[in-house]
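Student: Shown below is the structure under consideration.
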Amino acid sequence: MHKPNMREARNRHKQEVLYLDCDNSIKTDKFVGKKYFLKTYGCQMNVHDSEQIRAYLESFGLIETEVLEEANVIVLNTCAIRENAHDKVFGYLGRCKHLKKAKKDVIVALGGCMSQEENVVKLVEEKYPYVDIVFGTHNIHDLPRLLIENTGKQNIEVYSVEGNVYENTPYKRDSKITAWVNIMYGCDKFCTYCIVPYTRGKQRSRRSSEIIKEVKSLVEEGYQEVTLLGQNVNAYGKDLPDEMSFAKLLEQVSLTNIPRIRFVTSHPWDFTDEMIDVIAKYSNIMPYIHLPIQSGSNRILKLMGRRYTKEKYQELFNKIKSKIPNATITTDIIVGFPDETEEDFNETLDIVNYCKFDGAYTFIYSPREGTPAATMPDNTSLEEKENRLQRLNKLVNNYSLKSNQKYYHQTVKVLVTGVSEKDSSKVVGYSEEMKLVNIEAPLNTIGKIIDVYITDCKSFSLDGKIKEQ
Ligand code: SAH
Ligand code: SF4
Ligand code: F3S
Numbered sequence: 014m015h016k017p018n019m020r021e022a023r024n025r026h027k028q029e030v031l032y033l034d035c036d037n038s039i040k041t042d043k044f045v046g047k048k049y050f051l052k053t054y055g056c057q058m059n060v061h062d063s064e065q066i067r068a069y070l071e072s073f074g075l076i077e078t079e080v081l082e083e084a085n086v087i088v089l090n091t092c093a094i095r096e097n098a099h100d101k102v103f104g105y106l107g108r109c110k111h112l113k114k115a116k117k118d119v120i121v122a123l124g125g126c127m128s129q130e131e132n133v134v135k136l137v138e139e140k141y142p143y144v145d146i147v148f149g150t151h152n153i154h155d156l157p158r159l160l161i162e163n164t165g166k167q168n169i170e171v172y173s174v175e176g177n178v179y180e181n182t183p184y185k186r187d188s189k190i191t192a193w194v195n196i197m198y199g200c201d202k203f204c205t206y207c208i209v210p211y212t213r214g215k216q217r218s219r220r221s222s223e224i225i226k227e228v229k230s231l232v233e234e235g236y237q238e239v240t241l242l243g244q245n246v247n248a249y250g251k252d253l254p255d256e257m258s259f260a261k262l263l264e265q266v267s268l269t270n271i272p273r274i275r276f277v278t279s280h281p282w283d284f285t286d287e288m289i290d291v292i293a294k295y296s297n298i299m300p301y302i303h304l305p306i307q308s309g310s311n312r313i314l315k316l317m318g319r320r321y322t323k324e325k326y327q328e329l330f331n332k333i334k335s336k337i338p339n340a341t342i343t344t345d346i347i348v349g350f351p352d353e354t355e356e357d358f359n360e361t362l363d364i365v366n367y368c369k370f371d372g373a374y375t376f377i378y379s380p381r382e383g384t385p386a387a388t389m390p391d392n393t394s395l396e397e398k399e400n401r402l403q404r405l406n407k408l409v410n411n412y413s414l415k416s417n418q419k420y421y422h423q424t425v426k427v428l429v430t431g432v433s434e435k436d437s438s439k440v441v442g443y444s445e446e447m448k449l450v451n452i453e454a455p456l457n458t459i460g461k462i463i464d465v466y467i468t469d470c471k472s473f474s475l476d477g478k479i480k481e482q
């Protein structure tokens with residue numbers, strides 16, 4: 014039994030990182046024809062991790078079901094970023110308890126970021142004995158072995174010391190058109206409110222040669238788009254002595270001739286001029302940048318440990334807009350950080366008015382046990398925080414709508430990814446600027462990049478029709 018230790022995750026020096034190959038030879042016929050239920054919470058990194066989990070489960074002959082009650086293997090890939098993410102998982106665990114009573118032949122496995130939290134693991138040990146397996150973000154590759162070895166006795170295998178980077182990872186990708194590609198794991202920034210550096214460990218970059226190899230094989234398979242993934246992609250390579258910068262990596266990925274490249278997430282701190290130049294230069298690097306600001310108050314930014322000021326952010330924002338005029342810029346904002354005053358909050362509204370973001374994800378601050386901000390005094394009531402969130406959302410949505418209205422009666426290039434969920438007679442996809450577009454176009458456009466004439470603009474999507482050549 015290995016349990017997580019958050020203090021250890023923060024205080025220790027970085028381990029030497031070993032670059033190893035995944036052992037994909039583990040086989041069993043114990044599960045052939047049985048069903049699995051996989052639920053994924055959280056960010057793109059978890060979505061991509063679930064593609065790895067799915068590959069393992071299906072290599073055992075398990076078949077996916079959307080119905081929890083039908084499953085023989087249940088895997089919850091969890092997120093720890095805010096408290097409400099936890100609540101949803103505990104709700105599911107409640108349902109698993111009933112299921113285990115009715116049906117003996119069920120294995121419940123808990124993975125993802127919650128498994129890396131000491132307090133969660135303690136709770137699972139004490140109150141959820143029917144959770145069979147707890148595995149963490151550093152040892153997803155252990156899941157096949159843990160399933161085979163399962164005896165019905167709770168087994169916790171979670172590592173706080175991350176160490177290794179695994180290559181040769183199997184993925185069962187959700188899409189045949191767009192693909193996620195990890196370029197790094199973990200985060201070294203330790204923003205005071207954030208649990209990610211504890212749940213994902215310190216930053217470990219993959220080697221560029223491996224990343225390029227993966228992108229090239231995706232190109233051969235016919236993929237149209239890759240999204241390079243990392244908590245702070247701009248810091249790519251900084252943890253390796255001889256590795257290239259993120260700007261150089263972007264350039265190399267561009268040269269593979271994959272039609273579209275995206276990347277998330279950019280931290281303002283490591284954003285270089287070289288990066289802006291590379292994005293501006295190559296037409297297959299999409300003009301879309303997610304650049305979380307978190308707050309418009311320098312006092313709060315300092316307490317958050319974000320390492321930039323409002324002025325620095327504005328400078329960077331203007332530089333991007335001047336060199337890449339068609340770039341869309343979206344952001345993340347937290348309201349109600351400990352002791353945020355009305356004045357601080359107004360500064361956040363001011364920066365939103367200044368930048369007129371094309372979109373923003375907004376959150377009420379949620380204290381995470383073990384992070385520095387969780388012990389900071391906070392005298393603002395939840396009611397006040399909710400009120401601020403509403404006021405912020407109103408402003409943000411207004412700018413999202415304005416941003417979308419710019420495309421009215423314009424032609425945009427859309428990579429069509431599937432049938433529209435809202436209207437099955439239409440197809441759906443994203444423009445280069447990351448605008449969601451519902452399109453009147455035939456089904457055979459799926460997987461292609463087409464010109465779309467925009468006929469209507471809403472706050473969160475555009476409507477259009479295929480432009481005849
Ligand atoms: N690496 C990215 C963010 C990853 S987490 C970055 O640094 O920009 C995604 C978003 O969740 C963050 O940008 C932040 O806005 C929000 N978030 C993180 N911790 C939070 C917390 N404790 N409470 C509320 N929101 C939080
Ligand atoms: Fe969290 Fe900050 Fe790292 Fe983003 S940069 S993952 S907010 S610690
Ligand atoms: Fe959540 Fe972990 Fe991502 S905490 S946001 S799933 S890195």
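Here the sequence shown is numbered in the working numbering, starting from 14 and rising by one per residue. All C-beta atoms in this analysis are idealised placements derived from N, C-alpha and C, irrespective of residue type, glycine included.
(1) At a cut-off of 7 Å, is residue 332 close to ligand 2 when judged by its beta-carbon and the heavy atoms of the ligand?
(2) Excluding sequence positions up to five away, which residues of its chain have a Cβ less than 8 Å from the Cβ of residue 474?
(3) Any heavy atom of ligand 3 closer than 7 Å to the CB of residue 490?
(4) Compute the Euclidean distance between the alpha carbons of residue 215 and residue 186, then round it to the nearest angstrom.
(5) Which of helix, strand or coil does DSSP assign to residue 370?
(6) Along the alpha helix (DSSP H) that carries residue 313, what are the first and last residues, could you check?
(7) Just to check, is the beta-carbon of residue 55 closer than 7 Å to a non-hydrogen atom of ligand 3?
(8) Measuring only from the beta carbon, is residue 278 closer than 7 Å to any heavy atom that is part of ligand 3?
(9) For the candidate residues 410, 85, 142, 94, whose alpha-carbon lies nearest to that of residue 118?
(10) Nearest-angstrom Cα distance between residue 172 and residue 439?
(11) Taking the alpha carbon of residue 368 as the reference point, which residue from 340, 350, 380, 388 has its own alpha carbon closest?
(12) Which first and last residues belong to the beta strand (DSSP E) in which residue 444 is found?
(13) Taking contact to mean 3 or more Cβ pairs, one atom from each stretch, closer than 8 Å, check whether the region 142–158 and the region 109–125 are in contact.
(14) Tell me the rounded alpha-carbon separation between residue 288 and residue 334.
(15) For residue 203, verify whether its CB is less than 7 Å away from any heavy atom of ligand 2.
(16) For residue 449, which three-state DSSP category applies?
(17) Per the DSSP calculation, residue 158 is bridged to which residue(s)?
(18) Evaluate residue 442 with the Cβ neighbour count: other Cβ atoms within 10 Å of its Cβ, from every protein chain shown; 16 or more gives buried, anything less gives exposed.
(19) When the Cα of residue 230 is compared with those of 181, 203, 257, which residue comes out closest?
(20) Just to confirm, does residue 59 get its C-beta within under 7 Å of one of the non-hydrogen atoms of ligand 3?
(21) If residue 379 and residue 96 are in contact, beta carbons under 8 Å, what's the gap, nearest whole angstrom?
Tutor: In brief:
(1) no
(2) 417, 448, 449, 450, 451
(3) With the chain represented from 14 up to 482, any question about residue 490 goes unanswered, as that position is not in the structure.
(4) 26 Å
(5) coil
(6) 311–317
(7) yes
(8) no
(9) 85
(10) 46 Å
(11) 340
(12) 440–444
(13) yes
(14) 13 Å
(15) yes
(16) strand
(17) Answer is none; residue 158 lacks a bridge partner.
(18) buried
(19) 181
(20) yes
(21) 5 Å
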